[in-house]
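Colleague: Take this structure, written in structure tokens, and hold onto it; I'll ask about it next.
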Amino acid sequence: MKSILAELIDTLGSSLHSYFVAAGVWTFPGNEAVKLALVDLVEDQRSIADRAGRLLEEHGETVPRPVYPIRYTATHDVDLAAMLPRVLNGLRRQIAQFDRLVDAGGPPGEIDLVREAREASLQHADQLEEIARRGGRSGSLSPAPVS
156 MKSILAELID TLGSSLHSYF VAAGVWTFPG NEAVKLALVD LVEDQRSIAD
206 RAGRLLEEHG ETVPRPVYPI RYTATHDVDL AAMLPRVLNG LRRQIAQFDR
256 LVDAGGPPGE IDLVREAREA SLQHADQLEE IARRGGRSGS LSPAPVS
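Using my numbering, read the sequence shown as starting at 156 and increasing by one per residue.
Okay, structure coming up:
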């Protein structure tokens with residue numbers, strides 16, 4: 156059975172959004188907001204995964220190296236804005252996994268790191284949802300009317 160920290164690293168590292176950033180997926184002009192938001196998300200998640208890895212090393216455990224599913228390679232020529240629903244679904248699955256890890260319990264420092272990952276992911280999900288409402292472009296569409 157994997158430790159909480161190993162699960163956290165796997166969950167953070169093998170996501171579609173991590174793949175997009177690592178693979179340097181090309182984007183159409185005008186989709187810079189999507190790409191920048193994904194880079195911010197992945198940088199925050201990598202920072203948390205790095206901290207989890209250091210804790211694992213301190214405990215004498217092997218740090219997992221997440222892998223990307225082969226199906227991600229089919230996304231190279233796809234508009235990032237069009238991929239936002241899939242990215243958001245994956246991010247929601249990550250958040251649900253973080254909830255399961257917290258509910259399973261564990262050492263306070265490890266659970267705190269999982270909670271931090273959850274909160275950061277929620278904040279980034281809000282940002283990506285806002286970009287999706289604008290059609291994936293920074294300021295390209297009028298904001299939604301206030302009711």
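Just so it is clear, CB atoms sit at the ideal spot from N, CA and C, and this is done for glycine as well.
Owing to the predicted nature of the structure, the values given are computational and were not obtained by experimental measurement.
Tell me, to the nearest whole angstrom, how far the beta carbon of H172 is from that of V242; I am working on the premise that it is less than 8 Å.
Modeller: 5 Å
Colleague: Quick one: using the 10 Å Cβ neighbour count with 16 as the cut-off for buried, is M238 buried or exposed?
Modeller: buried
Colleague: If you check the beta carbons only, do A178 and I286 fall under 9 Å apart?
Modeller: With a cutoff of 9 Å on beta-carbon distance, A178 and I286 are scored as not near each other.
Colleague: Less than 8 Å between the CB atoms is what I'm expecting for A272 and I203, so what's the real figure, rounded?
Modeller: 5 Å
Colleague: Tell me the start and end of each unbroken alpha helix (DSSP H) in the segment 227–275 that is at least 4 residues and wholly inside, in chain order.
Modeller: With a minimum length of 4 residues, the continuous alpha helix (DSSP H) runs that stay inside the segment 227–275 are 235–259.
Colleague: I need the straight-line Cα distance from F175 to A188, nearest angstrom please.
Modeller: 14 Å
Colleague: Once the 5 residues before and after Y227 are set aside, which same chain residues still bring their CB inside 7 Å of it?
Modeller: L171, Y174
Colleague: Can you say whether I225 is buried or exposed, counting buried as having 16 or more other CB atoms within 10 angstroms of its CB?
Modeller: exposed
Colleague: Does P263 pass the burial test, meaning 16 or more other C-beta atoms within 10 Å, or should it be called exposed?
Modeller: exposed
Colleague: Does E198 have its Cβ less than 9 Å from a Cβ in chain B?
Modeller: This model lacks chain B altogether; it includes just one protein chain.
Colleague: Given P240, which residues of its chain have a CB within under 8 Å of its CB, disregarding the five upstream and five downstream residues?
Modeller: A287
Colleague: Can the beta-carbon of H279 be found less than 9 Å from the beta-carbon of D205?
Modeller: no
Colleague: Classify N244: buried if its beta carbon has 16 or more other beta carbons within 10 angstroms, exposed otherwise.
Modeller: exposed
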